[in-house]
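*Asks:* I am attaching a structure below and will ask some questions about it afterwards.
So, in structure tokens, the structure goes:
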């Protein structure tokens, strides 16, 4: 079956935990390597996961990332409880950012995160409610 | 160009050892903006940067960067070194500032990411 679920796992992401920020993306990378996913697909998935994870760490109280793998595709769903995004269209524009000085000092906050997640996705869906949180739904085809 | 040659050209010290200093590096990028590294760097690049925090190593891991060079003699903290060791990402340290470090490598024939085809692995 083409949509048979080969693997599924949920990860918690703690808002404000800068030291462990990136650990979820690192675990996702390792899992995809173990599952024999091609390097190019792994790179797209880990970059998208990392950017999404960093967004949760910076802007949310907590979040969950669910990785699902089928023979056809990877699906990464990130749900957070946090500030939400006031203007999603603006946030999707390259260069638009509301990042703090602290985030910029880490080498981020250049307004490239969400556009880069979309660039690495085959299908990308975002929904956000201010004061409640944000949902990202990312699909990356394996072929 | 091998990592050994890069070390010599930059008069760099190796602060996180490579499994093999003879590993071939096809291209490089000089960047302090990790968002740009994630967005524009191709696989199997060398990253030169003036930032020395944990996120540089994370970014290198996610973008499949082969090795990291910290420029202008800025030493990373222990946590950053420990993470690079854990992730098997070699780290070099040069006293040269960013422009000169990149310029020397470019002069010796190491191209940039926009000039080079993506790695063929996978």
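Chains as they are written, first to last, in the working numbering: chain A, -14 to 128; chain B, 1074 to 1195.
Here a beta-carbon is modelled for each residue, glycine too, at the ideal position from N, C-alpha and C.
Starting from residue 1131/B, follow the beta strand (DSSP E) in both directions and report where the run begins and ends.
*Replies:* Run containing residue 1131/B: none in the beta strand (DSSP E); it sits in the alpha helix (DSSP H), 1127 to 1135.
*Asks:* What in chain B is Cβ-close to residue 11/A, meaning under 9 Å?
*Replies:* Within chain B, the residues near residue 11/A are 1131, 1134, 1135, 1160.
*Asks:* For residue 1118/B, go through chain A and note every residue whose CB falls closer than 8 Å to its CB, in chain order.
*Replies:* None at all; the shortest Cβ gap to chain A is about 12 Å.
*Asks:* Counting Cβ pairs closer than 8 Å, one from the region -13 to -2 of chain A and one from the region 43 to 59 of chain A, do we hit at least three?
*Replies:* Yes, since at least three Cβ pairs between the region -13 to -2 of chain A and the region 43 to 59 of chain A fall closer than 8 Å, the two stretches touch.
*Asks:* Out of 1171/B, 1163/B, 1177/B, 1173/B, point me to the one whose CA is closest to residue 1117/B's CA.
*Replies:* Answer by Cα proximity: 1163/B.
*Asks:* Considering only their Cβ atoms, is the gap separating residue 1122/B from residue 1105/B smaller than 7 Å?
*Replies:* Contact flag set, yes.
*Asks:* Which ranges does the alpha helix (DSSP H) cover as unbroken runs of at least 4 residues, wholly within the region 46 to 99 of chain A, from first to last along the chain?
*Replies:* Runs found: 73 to 76, 86 to 90.
*Asks:* Can you confirm whether residue 1097/B, when its beta carbon is compared against all beta carbons of chain A, has any partner nearer than 7 Å?
*Replies:* So no, residue 1097/B is outside the interface.
*Asks:* Reducing DSSP to helix, strand and coil, say where residue 29/A ends up.
*Replies:* Of the three classes helix, strand and coil, the one that applies to residue 29/A here is helix, per DSSP.
*Asks:* With distances taken between CB atoms, is the gap from residue 67/A to residue 1107/B smaller than 7 Å?
*Replies:* Cβ atoms of residue 67/A and residue 1107/B: not closer than 7 Å.
*Asks:* Please state whether the Cβ-Cβ distance between residue 10/A and residue -7/A is less than 7 Å.
*Replies:* No; because the gap between Cβ atoms is not below 7 Å, this pair is not in contact.
*Asks:* Determine, for residue 77/A, whether the minimum Cβ-Cβ distance to residues of chain B falls below 7 Å.
*Replies:* Cβ-Cβ to chain B under 7 Å: no for residue 77/A.
*Asks:* Using DSSP with H/G/I as helix, E/B as strand and the rest coil, what is residue 1084/B?
*Replies:* Residue 1084/B falls in the coil class under three-state DSSP.
*Asks:* Output the distance between the C-alpha atoms of residue 1178/B and residue 69/A, rounded to the nearest integer angstrom.
*Replies:* Approximately 44 Å between the Cα atoms of the pair.
*Asks:* Using a Cβ-Cβ cut-off of less than 7 Å, give me the residues of the region 17 to 40 of chain A that come near chain B, in sequence order.
*Replies:* So the close ones are 23, 24, 25, 28, 31, 32, 35, 36.
*Asks:* Which residue marks the beginning of the beta strand (DSSP E) containing residue -7/A, and which one marks its end?
*Replies:* Where residue -7/A is concerned, the enclosing beta strand (DSSP E) stretches over -8 to -1.
*Asks:* Decide if residue 1101/B is buried, meaning its Cβ has at least 16 other Cβ atoms within 10 Å, or exposed.
*Replies:* Result: buried.
*Asks:* What is the DSSP secondary structure of residue 122/A, reduced to helix, strand or coil?
*Replies:* Strand, per DSSP.
*Asks:* Report the residue ranges of all beta strand (DSSP E) runs contained in full by the region 1107 to 1194 of chain B; include only those spanning at least 3 residues, in chain order.
*Replies:* Correct list: 1118 to 1122, 1140 to 1143, 1164 to 1166.
*Asks:* Can you name the residues that DSSP bridges to residue 109/A?
*Replies:* Answer by DSSP bridge pairing, in chain order: 123/A.
*Asks:* Short check: CB of residue 1166/B to CB of residue 1088/B, under 7 Å?
*Replies:* Contact flag set, yes.
*Asks:* Any Cβ of chain B within less than 7 Å of the Cβ of residue 92/A?
*Replies:* Yes, contact with chain B.
*Asks:* According to DSSP, is residue 1208/B helix, strand or coil?
*Replies:* With chain B covering 1074 to 1195 only, the question about residue 1208/B has no answer from this structure.
*Asks:* Quick check: the Cα distance between residue 1077/B and residue 1103/B, rounded to an integer number of angstroms?
*Replies:* Their Cα atoms are separated by approximately 19 Å.
*Asks:* Using the Cα positions of residue 1187/B and residue 1111/B, report the straight-line distance between them to the nearest angstrom.
*Replies:* So the two alpha carbons sit approximately 14 Å from each other.
*Asks:* On the criterion of 16 or more Cβ atoms from any shown chain inside 10 Å, does residue 35/A qualify as buried, or is it exposed?
*Replies:* It is buried - the Cβ of residue 35/A has at least 16 other Cβ atoms within 10 Å.
*Asks:* Quick one: using the 10 Å Cβ neighbour count with 16 as the cut-off for buried, is residue 100/A buried or exposed?
*Replies:* Residue 100/A should be labelled buried.
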